[in-house]
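For the sequence shown, counting from 1, position 172 maps to 172 in our numbering; every step adds exactly one.
Data first, discussion second: the structure below is written as C-alpha cells.
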Amino acid sequence: MTAIRSEIERVAGLLFALRAFDPLPRPSLARSSMTYTDFEADTRLNPLDLVERMAALNEWSFERSAEDEITISVEGRWTDCHVSFQWMDEVEALHIACAFDLKVPEKRKNEVLRLLSLINEQMWVGHFDLWSKEGVIMFRHALLLAGAEATDRQCEVLMEVAVEAVERYFPAFQFVVWAGKSAREAMDATLFETIGEA
Numbered sequence: 001m002t003a004i005r006s007e008i009e010r011v012a013g014l015l016f017a018l019r020a021f022d023p024l025p026r027p028s029l030a031r032s033s034m035t036y037t038d039f040e041a042d043t044r045l046n047p048l049d050l051v052e053r054m055a056a057l058n059e060w061s062f063e064r065s066a067e068d069e070i071t072i073s074v075e076g077r078w079t080d081c082h083v084s085f086q087w088m089d090e091v092e093a094l095h096i097a098c099a100f101d102l103k104v105p106e107k108r109k110n111e112v113l114r115l116l117s118l119i120n121e122q123m124w125v126g127h128f129d130l131w132s133k134e135g136v137i138m139f140r141h142a143l144l145l146a147g148a149e150a151t152d153r154q155c156e157v158l159m160e161v162a163v164e165a166v167e168r169y170f171p172a173f174q175f176v177v178w179a180g181k182s183a184r185e186a187m188d189a190t191l192f193e194t195i196g197e198a
C-alpha cells in the first residue's frame, strides 16, 4: 500500500510539473488597473478547502501537501482508491486523478489500452488513462469553474464519479491483467455482472 501511495504522490508531482508546461500561446489579459473581477478572483475560496472538509467529515485519510493539492485514500468495495485533487488556478479548474491498487505488467499493456478505449467510449464524464512508464491506471476529470466558486456538492460529485467509475470497471481491469482475458471479454463480463446486480 505504501508503494502505491508513494507512486500516486510521484504521479501527482508529475501532474504538477506538467502544469508549468503550456504549449498553447494564450492571449494577454493585461489591464492598466485592477477591476472588480480581479479583486473578486483574489478573494475566492480555494476549492481544496471544501475537499479537505469533505475528507475530514467522512473520516478519510488525507494529506494536504501544498496549498493547491490534497491526496485522499478511500476504501472501496473492490479496491482502495488513491485520489489526488489539484487546484489549477491559471485555468480555474479543480482536477481529480483517482488511481487504485493494480499495476499493469508490460505484456498486458496493449490489451489494457484496448480496454481503456472501450470503457472511455461509454464514459459521459471523465476518462481512464494508463501511465505507461509507471503501469498505473487512473481515472481523471476536471471541474472548470471559470470565475465561479466550487460548492460542497460539486466536490462530492467529483469524488463520487471517480470512485464509482473505478468500482464499476475494476473487475474488467482484473480480467485483462490477471485472468489474461481480451478487452472485449472483460467488458462483456463486467457489463453482464452490472446488469445482474441491477
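Even for Gly, the Cβ is constructed at its ideal location relative to N, Cα and C.
Per DSSP, reduced to three states, the secondary structure at Arg-114 is helical. Within 10 angstroms of the beta-carbon of Val-91 lie fewer than 16 other beta-carbons, which makes it exposed. In the structure shown, Thr-190 falls within a helical segment according to DSSP collapsed to helix, strand and coil. Here Trp-87 is buried: its Cβ has 16 or more other Cβ atoms, across all protein chains shown, within 10 Å. Cβ-Cβ distances below 6 Å link Ile-72 to Ala-55, Trp-60, Phe-62, Val-83 in the same chain, with the five nearest sequence neighbours on each side left out; the list follows chain order.
Under the DSSP assignment, Asp-89 falls outside any beta strand (DSSP E); it carries neither an H nor an E label. Note that the C-beta distance between Val-176 and Ala-183 is below 8 Å. Ranked by Cα distance from Leu-94, the options Asn-110, Asp-49, Lys-103, Ala-189 are led by Asp-49.
Taking a cut-off of 8 Å for Cβ pairs, the stretch 123-138 and the stretch 96-106 touch, as three or more such pairs fall below it. For Met-138, the enclosing beta strand (DSSP E) stretches over residues 136-144. Per DSSP, Asp-49 lies in no beta strand (DSSP E); the unbroken alpha helix (DSSP H) holding it starts and ends at 47-57.
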